[in-house]
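Trainee: I am attaching a structure below and will ask some questions about it afterwards.
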């Protein structure tokens, strides 16, 4: 803006002030929004520094009464005891499962969406209809048949059994497809003229400019995999394969809840993910836009 | 071999190679379970054996008032989430994408963090926040505003409000991210030329952003229709199970869960699932046809 | 460009594995202990005096569990018969672990190794039903919560192993009603109980004494009218202070109604063969009485529905209510969540409508079953019955799980019932087992059958809310409930 030399100084100053004011308003808006969104988690965080009995005593209180706050829950969580060891075992399992399913899902869904977008052929619309249809099937009704199938495929109690059925995530395919319809098809022909194969075009030309979609989907898939309870629970049979949500769920029983480990464990489950997201989202989002279509 | 190779690399075969994983996964993990479910919806499944009951399950559904409540609740919730969770995240995304906001990364992370929070914990937190006891956070707030305390999870209106608050909490950030990624695909040259033509911010939003964001919007709309109709986890979180006073938090999938899983009535549960499938599919197909998503793009 | 994306994906994986490395408790002991050390330091620096005390209190309780190195729960002889056991409460699993060690000592020729897996509550039952239906994948032994029992029992002996023969040696000392609860429509016993879950009345004697009410007056309560009158006296003594009530009535739990039915010898399920009828006089009487109490300020509606919830505990801690009926297992809620109430509470038997009626009913519970998919059904059954019904087993159930055991002989066994090292004996003003022994012959049974979940759901979702929150006429609300129940039978 400032380099447009024809504008006189006074106006530039005026615009600058206006921009600053708008910028403050914009930033403040998100600050308030973020505060509201993070509030319940802050309450949880505060509760995690108090013994479980305090949670019962005060409810989910956000008062910062330091005298009642201790690190006991976290000490216990990190301590050399069964609960602590179990907790980190769940944690590790969750991270591995999430990483595997995110990488797998993104790859598979990208190529499927590519096949559904970049070519014109007879079955295209029918296949797309099938994709949409699979999105509409409530997973709960498929559980029993799918479980039987996993047993006959000998995939029970394996990571493959958990990951495979979700690998072709319809909503992820759909998102990639929607994203790719906005991309210029001329690039394909340009690639063909340059002598690239169909697969070369897919991976070398189109993939880089689809990166923003990858960014958004990696986050979405990670969230799905990280929070998935029902299906992993059915597939995994041995306790040493349990993931974090399954493990945390075992702390809530009709015979009383283990609040100490539950709240502290859950909070500790969020913090690293939050930090990773914060540090790496530059690569996830901003960094990737470098490859986005510019013209 | 080389003939096969040639075919494999041809422009005709390539799309099928690309969609092959989907076809495989569809055949393996969808066709069989789905057929099995459709079959079950015409049966009554008992440990001693399976009995064909024809349309009996569906006939029972037409008389089941609890199921009607569930459908009504799901529709109400879906429509309200569409109103809340499409325009606002879109506006937030545009604002976030502008140069006006500082420390974007941090705010995005904050808005996104609920999605990464395990349902187990967010459920416990919100249930405590919406407790009718005076120490429940929502009651602390309403009492401070002089509105007195509410039995949040016992009344229809406040129960629905609680559900919508939880939904917005979980999904605003996610939907915003969809739109942000959609915005990245818009050619910046279009904005530059709009600037040259002297377009106002509103005009740019109305005539450049909204039309070009359409594919993303359709996506968000489609998944929101289904997610709204199939909502279950949020209600399960708030009422610590599929039961709620006067069924104010009962949804279609909640009913499916209760019948098919808690009560182990697989036949009846499957029938509920089929009804949901048909409704969601119908709405979305109509919506997608109206939006022209199935149109063949001209080359 | 492709490389860049791959690099990004790889880096995600790496971050994940790095984090996993830090967290890997069992894999990387060095890294783990490093983390622990740092945290201990931080804790010591940060925690105030109070904090240090708290931390100190927490630690010993868990020290015992810390013996084990690997966080799996396999117990017993690795060369013995291997049994899989599922539960949804970790402590239950540990009970079998302890019992297996004793079993192996006594039966060196038939040793057992048992793996106990703790699953989330709802999911465990889903998983059990799924694998029973599928005919494969079920464990040998499994805990089943009573609310879920009708689903599991539906398969009768095609799914589960009848326990009649293996339970026979213990039956003469067991509370018959609790065995019946876990029996199938074919009359066989399929589940072995942990506890009676007998309902008793809990009184906050410390608060009552401040209001000038003595323990003799509480003991003198026989009927519900006496109970209400004592409540009026209490409220008058504290000047009818706002927000204070004698008791709280539940909108999300049927305990009060079960008590009423047991007193009149009714059962709304009608047992295995009968038809369900919720319009019983006993139920109507109880609800009418409760509605009156709510209207005249004697009772409040339990916050969030019943007393066994966070808000319910707060309500008790704030002394908003000073008495309520609940099963004996509620004692552990006091010790776990309301430790500051130690020494305040007194346990007495529940009032009745007419003198001479039964005054208690077994509520809640978990029956343990042996599935037909078990590798060695006889051994699993024999072990299960011994672990849960023998005196050794019952002793551990009381000490570790805090349940009112089903073996009546122990109830007046001085060493067992009056052990002053027991935390419940220390917590309450009187010995819980003294009350239980007193009501020994007055414990009724309500069956849990196929229609039970439907009745329970209708009551907790609609009927109780209508009557107690919205002031709907009791008979009308019960008629509406009956209509819904009729649709299902």
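Chains as they are written, first to last, in my numbering: chain A, 1 to 295; chain B, 1001 to 1299; chain C, 2001 to 2489. Backbone N, C-alpha and C define an ideal beta-carbon position, used for all residues, glycine too.
(1) Take residue 2036(C) and list the residues in its own chain whose beta-carbon comes closer than 6 Å to its own, dropping the five residues that flank it on each side.
(2) For a cutoff of 8 Å on Cβ pairs, would you count residue 250(A) as touching chain C?
(3) Looking at the secondary structure, which residues open and close the beta strand (DSSP E) in which residue 2120(C) lies?
(4) Leaving out the 5 sequence neighbours to the left and right, which residues in its chain are closer than 7 Å to residue 117(A) when beta-carbon positions are compared?
(5) So is residue 2393(C) buried or exposed if we call it buried at 16+ other beta carbons inside 10 Å?
(6) In chain order, what are the residue ranges of uninterrupted alpha helix (DSSP H) at least 4 long that sit wholly in the stretch 2297-2385 of chain C?
(7) For residue 1231(B), which residues in the same chain have their Cβ closer than 6 Å to its Cβ, ignoring the five residues on either side in sequence?
(8) What's the C-alpha gap between residue 2104(C) and residue 2386(C)?
(9) Report the option in 2422(C), 2431(C), 2396(C) and 2426(C) whose CA atom is closest to the CA atom of residue 2412(C).
(10) Does the CB of residue 1193(B) have a neighbour CB from chain A at under 8 Å?
(11) Helix, strand or coil for residue 2095(C) per DSSP?
(12) Residues of chain C with CB closer than 7 Å to the CB of residue 234(A), please, in chain order.
(13) Does the distance from the CB of residue 2371(C) to the CB of residue 2230(C) come in under 8 Å?
(14) So what's residue 1013(B) in DSSP terms, helix, strand or just coil?
(15) Look at the Cβ atom of residue 2361(C), then the Cβ atom of residue 2259(C), and state whether they are nearer than 8 Å.
(16) Is it a yes or a no for the stretch 1178-1188 of chain B touching the stretch 1158-1169 of chain B, going by three-plus beta-carbon pairs under 8 Å?
(17) Can you look up residue 2175(C) in the DSSP assignment and give me helix, strand or coil?
(18) For residue 2160(C), list the residues DSSP reports as bridge partners.
(19) Is the beta carbon of residue 2245(C) less than 8 Å from the beta carbon of residue 2300(C)?
(20) Thinking just about the alpha-carbon of each residue, which of 2374(C), 2472(C), 2348(C) and 2322(C) is nearest to the one in residue 2204(C)?
(21) Is the CB of residue 277(A) under 8 Å away from at least one CB in chain B?
(22) Short of 8 Å in beta carbon distance, which residues of its chain neighbour residue 1294(B), apart from the five on each side in sequence? Order them along the chain.
(23) Tell me the DSSP secondary structure of residue 240(A) in three-state form.
(24) Let me confirm a value: residue 87(A) is counted as buried when at least 16 other C-beta atoms fall within 10 Å, else exposed. Which label applies?
(25) In angstroms with no decimal places, state the Cα-to-Cα distance between residue 89(A) and residue 77(A).
(26) Give me the chain A residues within the contact set of residue 1226(B), using Cβ-Cβ distance strictly less than 7 Å, ordered along the chain.
(27) Residue 223(A) touches chain B at which residues, Cβ-Cβ below 9 Å?
(28) State the DSSP-derived secondary structure class of residue 2246(C), mapped to helix, strand or coil.
(29) Tell me the rounded alpha-carbon separation between residue 138(A) and residue 1279(B).
(30) On the three-state DSSP scale, how would you describe residue 1150(B)?
(31) Indicate whether residue 2368(C) and residue 2143(C) have their beta-carbon atoms separated by less than 8 Å.
(32) On the criterion of 16 or more Cβ atoms from any shown chain inside 10 Å, does residue 72(A) qualify as buried, or is it exposed?
(33) Would you kindly check if the distance between the Cβ of residue 146(A) and the Cβ of residue 155(A) is under 8 Å?
(34) Can you find the residues in the same chain that come closer than 7 Å, C-beta to C-beta, to residue 2191(C), ignoring five residues on each side of it along the sequence?
(35) Out of 2074(C), 2236(C), 2418(C) and 2185(C), state which residue places its alpha-carbon closest to the alpha-carbon of residue 2208(C).
(36) Can you tell me whether residue 1307(B) is buried or exposed? The criterion is at least 16 other CB atoms within 10 Å of its CB, across all chains shown.
Mentor: Per the coordinate set shown:
(1) For the purposes of this step, residue 2036(C) is taken as the residue at position 36 of the third chain. Low local confidence applies: a pLDDT of 31 at residue 2036(C) is under 50, so the model's placement there is unreliable, and no value is given.
(2) In the first chain, residue 250(A) corresponds to position 250, counting from 1. Yes - at least one Cβ of chain C is within 8 Å of the one on residue 250(A).
(3) The residue given as residue 2120(C) occupies position 120 in the third chain. Note, residue 2120(C): premise wrong, no beta strand (DSSP E); not H, not E.
(4) Walking along the first chain from the start, residue 117(A) turns up at place 117. 177, 180 and 181.
(5) Here residue 2393(C) is taken as the residue at index 393 of the third chain, counted from 1. It is buried - the Cβ of residue 2393(C) has at least 16 other Cβ atoms within 10 Å.
(6) 2310-2317 and 2331-2337
(7) Working through the second chain from its first residue, we reach residue 1231(B) at position 231. Result list for residue 1231(B): 1077 and 1251, in chain order.
(8) On the third chain, position 104 is the one that residue 2104(C) refers to. On the third chain, position 386 is the one that residue 2386(C) refers to. The alpha-carbon atoms of residue 2104(C) and residue 2386(C) are separated by roughly 12 Å.
(9) Reading the third chain from its first residue, position 412 is the one you call residue 2412(C). Among 2422(C), 2431(C), 2396(C) and 2426(C), the Cα nearest to that of residue 2412(C) is on 2431(C).
(10) As a position in the second chain, residue 1193(B) is number 193, starting the count at 1. By this cut-off, residue 1193(B) is not an interface position.
(11) Numbered from 1 along the third chain, position 95 holds the residue referred to as residue 2095(C). Here residue 2095(C) sits in helix by DSSP.
(12) Stepping through the first chain from its first residue, residue 234(A) is reached at position 234. 2127 and 2130, listed in chain order.
(13) Position 371 of the third chain holds residue 2371(C). Position 230 of the third chain holds residue 2230(C). Not closer than 8 Å, so no.
(14) Taking the second chain and counting its residues from 1, the one referred to as residue 1013(B) is at position 13. Three-state result, residue 1013(B): coil.
(15) Translated into positions along the third chain, residue 2361(C) becomes position 361. Translated into positions along the third chain, residue 2259(C) becomes position 259. Cβ distance < 8 Å, so residue 2361(C) and residue 2259(C) count as in contact.
(16) no
(17) Walking along the third chain from the start, residue 2175(C) turns up at place 175. Of the three classes helix, strand and coil, the one that applies to residue 2175(C) here is coil, per DSSP.
(18) Numbered from 1 along the third chain, position 160 holds the residue referred to as residue 2160(C). For residue 2160(C), which the question treats as bridged, DSSP gives the partners 2371(C).
(19) Translated into the one-based positions of the third chain, residue 2245(C) becomes position 245. Translated into the one-based positions of the third chain, residue 2300(C) becomes position 300. Yes; because the gap between Cβ atoms is below 8 Å, this pair is in contact.
(20) The count along the third chain starts at 1 and reaches residue 2204(C) at position 204. When each option's Cα is compared against that of residue 2204(C), the closest is 2322(C).
(21) For the purposes of this step, residue 277(A) is identified with residue 277 of the first chain, where counting begins at 1. So yes, residue 277(A) belongs to the interface.
(22) By one-based count along the second chain, residue 1294(B) stands at place 294. 1288.
(23) The residue labelled residue 240(A) in the question sits at position 240 within the first chain. Correct three-state label for residue 240(A): helix.
(24) Counting from 1 along the first chain, the entry for residue 87(A) is found at position 87. By the 10 Å Cβ count, residue 87(A) comes out buried.
(25) As a first step, residue 89(A) must be located in the first chain, where it is residue number 89. As a first step, residue 77(A) must be located in the first chain, where it is residue number 77. Their Cα atoms are separated by approximately 12 Å.
(26) Position 226 of the second chain, counted from the start, is the residue given in the question as residue 1226(B). Those are 135 and 136, listed as they occur along chain A.
(27) For this step, residue 223(A) is matched to residue 223 along the first chain. Result: 1112, 1115, 1116 and 1174.
(28) Numbered from 1 along the third chain, position 246 holds the residue referred to as residue 2246(C). Residue state, collapsed to three classes: coil.
(29) By one-based count along the first chain, residue 138(A) stands at place 138. By one-based count along the second chain, residue 1279(B) stands at place 279. Going from the Cα of residue 138(A) to the Cα of residue 1279(B) covers about 12 Å.
(30) To locate residue 1150(B), count along the second chain from 1; it is residue 150. Note: residue 1150(B) maps to coil in three-state DSSP.
(31) The residue you call residue 2368(C) lines up with position 368 of the third chain. The residue you call residue 2143(C) lines up with position 143 of the third chain. A contact, by the Cβ cut-off of 8 Å.
(32) Along the first chain, one-based indexing puts residue 72(A) at 72. Buried, since its Cβ has 16 or more Cβ neighbours within 10 Å.
(33) Walking along the first chain from the start, residue 155(A) turns up at place 155. Walking along the first chain from the start, residue 146(A) turns up at place 146. No.
(34) What you label residue 2191(C) is simply residue 191 of the third chain in a count that begins at 1. Answer for residue 2191(C): 2144, 2149, 2182, 2367, 2368 and 2369, listed in chain order.
(35) Stepping through the third chain from its first residue, residue 2208(C) is reached at position 208. Closest by alpha carbon: 2236(C).
(36) Given a span of 1001 to 1299 for chain B in the structure shown, any question on residue 1307(B) remains unanswerable.
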